[in-house]
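Reading through the structure tokens given below for one structure.
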Amino acid sequence: MANTRERWDRDIDVLFSAEEIAARTAELGREITAHYEGKPVCVIGILKGCFLFLADIVRTIDLPISTEFIGISSYGNETESSGVVQITADLTRSIEGQDILIIEDIIDTGLTMRYLLDNLATRRPNSIKVCTLLHKPEGARVRVAIDWVGFEIPNKFVVGYGLDYAGRFRNLPYIGVYHGAT
Ligand code: 5GP
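So the sequence shown is numbered by this note's numbering: it starts at 4 and just counts up by one.
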């Protein structure tokens, strides 16, 4: 019997396949490993979007790491950041004196990362570096130093591999441009 149901991801055009993401993630992991020269690093993932990228990249980083998470929600409509940010779940311990590596899924305006960097700096870590899987250079509204970027992408709304639209599509193994109704 023919399957007449439409695919639930039919409104998404693939930008990066699961294989491309894995290959780039492994490269980033090698660079990060080389940078820290065996030192311990506290990896901080930004929830929720980072959950797949973080799970994959930590397995390519050959260092004694610890992992923490911080939950951020930014106000605005579903496809545009307002820069007004709230911490919804905080770190579970002090990061004073530690080398911090932030793992983010996507940086667009930079407002969320700016807020987070300022907030974490008040906790007196030894250093803070930023690794983002995706970066939209055209969207930048504030300058943030990004140390490792997986892919630079055009100013389009993307979903998949942790990124959602209205809570959906995080489980897609690929990243794609969403062109359904927003
Ligand atoms: P920024 O503050 O840099 O503008 O945006 C950061 C946050 O906005 C990201 O962590 C993410 O939650 C959301 N965001 C920005 N662009 C996109 C996008 O293309 N797709 C999705 N799903 N979220 C995005």
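Just so it is clear, CB atoms sit at the ideal spot from N, CA and C, and this is done for glycine as well.
None of the values given here were measured: they were computed from a predicted structure.
Check your understanding: Along the chain, where does the alpha helix (DSSP H) that runs through Ile35 open and close?
Key -> For Ile35, the enclosing alpha helix (DSSP H) stretches over residues Ala21 to Tyr39.
Exercise for review: Take Ala92 as the anchor and find which of Tyr181, Leu104 and Ile75 has the nearest alpha-carbon.
Suggested key: Measuring from the Cα of Ala92, the nearest candidate turns out to be Ile75.
Point to revise | Buried/exposed call for Trp151, threshold 16 Cβ in 10 Å | key: In the assembly as shown, Trp151 is a buried residue. Its beta-carbon has 16 or more other beta-carbons within 10 Å.
Exercise for review: Put Arg152 into one of helix, strand or coil per three-state DSSP.
Suggested key: Before going further, note that residue 152 is Val rather than Arg in the sequence given. Looking at Val152 - three-state DSSP - the assignment turns out to be strand.
Practice item. Out of Ser20, Pro128, Tyr181 and Ile15, point me to the one whose CA is closest to Cys45's CA. Key: Cα-wise, what sits closest to Cys45 is Pro128.
Exercise for review: Leaving aside the five residues before and after Arg27 along the sequence, list all residues of the same chain whose C-beta is less than 6 Å from its C-beta, in chain order.
Suggested key: Contacts found: Gly153.
Review point. Got a sec, what are the start and stop residues for the alpha helix (DSSP H) Thr115 sits in?
Key: Per DSSP, the unbroken alpha helix (DSSP H) holding Thr115 starts and ends at Leu114 to Ala124.
Review point. Grouping DSSP H, G and I as helix and E and B as strand, with all else coil, what is Glu141?
Key: In the structure shown, Glu141 sits in a helix (DSSP, three-state: H, G or I).
Exercise for review: Following the continuous beta strand (DSSP E) through Leu104, name the residue where it begins and the one where it ends.
Suggested key: Taken as a continuous stretch (DSSP letters only), the beta strand (DSSP E) holding Leu104 covers Asp102 to Ile110.
Check your understanding: Among all the DSSP beta bridges, which residues are the ones paired with Asp16?
Key -> DSSP lists Val180 as partners of Asp16.
Practice item. Using 8 Å as the cut-off, classify the Cβ of Lys42 as near or not near the heavy atoms of the ligand 5GP, replying yes or no. Key: For the ligand 5GP, not one heavy atom lies less than 8 Å from the Cβ of Lys42.
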